[in-house]
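In my numbering, the protein residues as written are 1 to 289. All residues carry an ideal CB built from backbone N, CA and C; glycine is no exception. Contents: one structure, followed by commentary.
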Amino acid sequence: MDGNLWVSGVVYGLSMGSIFFLLAAGLSLCFGLMRIISLDQLLYYSLGAYVAYQVSVSTGLVWPGILCGALAAGLVSLAVERWVFYRIYAREITFTMITSFGVLMAGVGAIKYLWGLVPRPMGIPIEAQVAVLGAPVPVYRLLVIGVAVAVYGLIQWVLNRTIVGTAIRAAVEDVDQVEGLGVDVYRLFTGTFVGAGVLSGLAGALHGPLVMVDPQMGLEVVPFVFMVVIIGGLGSLKGTLVSAFLVGQVVSLGSLVYAPLAQMAPFAAMLLILLWKPTGLYGSALVRR
Numbered sequence: 001m002d003g004n005l006w007v008s009g010v011v012y013g014l015s016m017g018s019i020f021f022l023l024a025a026g027l028s029l030c031f032g033l034m035r036i037i038s039l040d041q042l043l044y045y046s047l048g049a050y051v052a053y054q055v056s057v058s059t060g061l062v063w064p065g066i067l068c069g070a071l072a073a074g075l076v077s078l079a080v081e082r083w084v085f086y087r088i089y090a091r092e093i094t095f096t097m098i099t100s101f102g103v104l105m106a107g108v109g110a111i112k113y114l115w116g117l118v119p120r121p122m123g124i125p126i127e128a129q130v131a132v133l134g135a136p137v138p139v140y141r142l143l144v145i146g147v148a149v150a151v152y153g154l155i156q157w158v159l160n161r162t163i164v165g166t167a168i169r170a171a172v173e174d175v176d177q178v179e180g181l182g183v184d185v186y187r188l189f190t191g192t193f194v195g196a197g198v199l200s201g202l203a204g205a206l207h208g209p210l211v212m213v214d215p216q217m218g219l220e221v222v223p224f225v226f227m228v229v230i231i232g233g234l235g236s237l238k239g240t241l242v243s244a245f246l247v248g249q250v251v252s253l254g255s256l257v258y259a260p261l262a263q264m265a266p267f268a269a270m271l272l273i274l275l276w277k278p279t280g281l282y283g284s285a286l287v288r289r
C-alpha cells in the first residue's frame, strides 16, 4: 500500500481524535467534578456545528462562524445548567444521566425544527495542503490537531497553575471539605459545565467543515466518545487525550486495511484495554472506589 496513504491516514486519525478529545473532555470534566454523565454535551456539539454553519453561510466567514458556534454552545449550556442541573446535582448519577438524555433529545428536536432534516454542507476555511513526509495533507486538519493540543495545554494550566484550578482539583477529591473552606462549589460546577459546553460546541464547529452538518451528528459520535472516556479512565483528562488519539487512529488506519474495521476495531481495542486495566488507561483511585 502507498506510503502516502498511510501518512494521510495517520493525520486523518489524529484530526478525528482531536474532535473526539474536545467532545469527550467536557464529559470527563463534568464527571470528574460533579459526578454527572452529561449526555447533553452531544447537543452542544451539534449546536456548535449548526451555528457555525449559519454564521458562515450568512457572512461568508468560516472562522467567525466557528467562534460563534463555540460561544453559542456555551450560552445554551449555561441556561441548561441554571434551569436544570443546578437543581439536581445532589441526585443519584442515574437520575442526572436520564435528565441529560432528555435535554439532548429535546435539543435535537429543536435543531430539526429550526434547520430541518436535510444535511448542510459547510465551507472549509483553509483549503491549502502541505507535504508531510511527501504526502499531501490538508492544512485545516493540522490546525484542528493543533487546537486540540492547545486546549489540552490550556486546561492543564488552569487546573495546575491557577487558584480556580486548585479549587476544582480539591473539589474532585472532597466537595464537602472544599465547601467547608468557604468556596462556592456551585460556581465551580457552573464554570466547569459551561466550559465543557464551549469545548463541545468548538468540537462541532471545527468538525462541521469536514462533514455534512446533520441533526443526528451528535448521536452518531456517541459510541466513539464513550469509548474515549472509558478507555482513558473516567475523570482523567490526560487519559481522554491519549485514548482520543488512539481511537482516531484505530478508526482511520483500520478503514485502510479493511473498511468494516473502522466500526469494529475500536470496540475490540476497548475490550482488550479494559480486560488489562478495568479502570481505563489513567483511571484514578477516586473512580476505583
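Problem - the segment 203-214 contacting the segment 9-22, beta-carbon criterion three pairs below 8 angstroms - result: yes
Handout entry: DSSP three-state assignment for Ala131, whether helix, strand or coil
Key = strand
Practice task
For Pro266, name the three-state secondary structure that DSSP assigns.
Solution key: helix
Problem - CB contact flag (Val213, Ile231, <9 angstroms) - result: no
Handout entry: Helix, strand or coil at Val221 [DSSP, three-state]
Key = coil
Problem - Beta-carbon gap between Ala72 and Gly201 smaller than 9 angstroms - result: yes
Practice task
Specify the secondary structure class of Val213 as computed by DSSP and reduced to three states.
Solution key: strand
Exercise for the section: Give the secondary structure of Val62 by DSSP, where H, G and I count as helix, E and B as strand, and everything else as coil. Expected result: helix
Handout entry: Ile168 beta carbon less than 9 angstroms from that of Tyr89
Key = no
Exercise for the section: Assign Pro278 to buried or exposed, taking buried as 16 or more other Cβ atoms, counted over all protein chains shown, within 10 Å of its Cβ. Expected result: exposed
Practice task
Taking Gly195 and Tyr44 to be in contact with their CB atoms under 8 angstroms, please state how far apart those CB atoms are, rounded to whole angstroms.
Solution key: About 11 angstroms; that fails the 8 angstroms criterion.
Exercise for the section: Pair every Cβ in the segment 96-116 with every Cβ in the segment 38-54, then say whether three or more of these pairs are closer than 8 angstroms. Expected result: yes
Practice task
Let me know the alpha helix (DSSP H) ranges lying completely inside the segment 161-206, each 4 residues or longer, listed in chain order.
Solution key: 163-173, 175-180
Exercise for the section: Indicate whether Leu39 and Ser77 have their beta-carbon atoms separated by less than 9 angstroms. Expected result: no
Practice task
Can you tell me which of the three DSSP states Arg35 falls into?
Solution key: coil
Handout entry: Nearest residue (CA-CA) to Pro119, options Glu179, Val84, Gln216
Key = Gln216
Exercise for the section: Run the CB neighbour count on Ser58, radius 10 Å, all protein chains shown included, and call it buried at 16 or more, exposed below. Expected result: exposed
Exercise for the section: May I ask you to report which of helix, strand or coil DSSP gives Val118? Expected result: coil
Problem - Three-way DSSP call (helix, strand, coil) for Val137 in this model - result: strand
Practice task
Check Leu234 in the structure and name its three-state DSSP category.
Solution key: coil
Exercise for the section: Would you check if the distance between the CB atom of Leu199 and the CB atom of Ala70 is smaller than 9 angstroms? Expected result: yes
Practice task
Return the residue from the list Val257, Leu61, Ser8, Leu33 that minimises the CA-CA distance to Gly235.
Solution key: Leu33
Problem - Which of helix, strand or coil DSSP assigns to Arg289 - result: Only weak support exists for where Arg289 lies, its pLDDT of 34 falling under 50; the value from the coordinates is given anyway. Residue state, collapsed to three classes: coil.
Exercise for the section: Please name the residue, chosen from Thr240, Leu14, Tyr86, that lies closest to Gln156 on a Cα-to-Cα basis. Expected result: Thr240
Exercise for the section: Measure the alpha-carbon distance for Phe226 versus Arg91 and round it to whole angstroms. Expected result: 22 angstroms
Problem - Alpha-carbon spacing of Gln297 relative to Val164, whole angstroms - result: Residue numbering for the chain in the displayed model covers 1 to 289; residue 297 lies beyond these limits and cannot be assessed.
Practice task
For Tyr113, count neighbouring C-beta atoms within 10 Å of its own C-beta (all shown protein chains included) and say buried if the count is 16 or more, exposed if not.
Solution key: exposed
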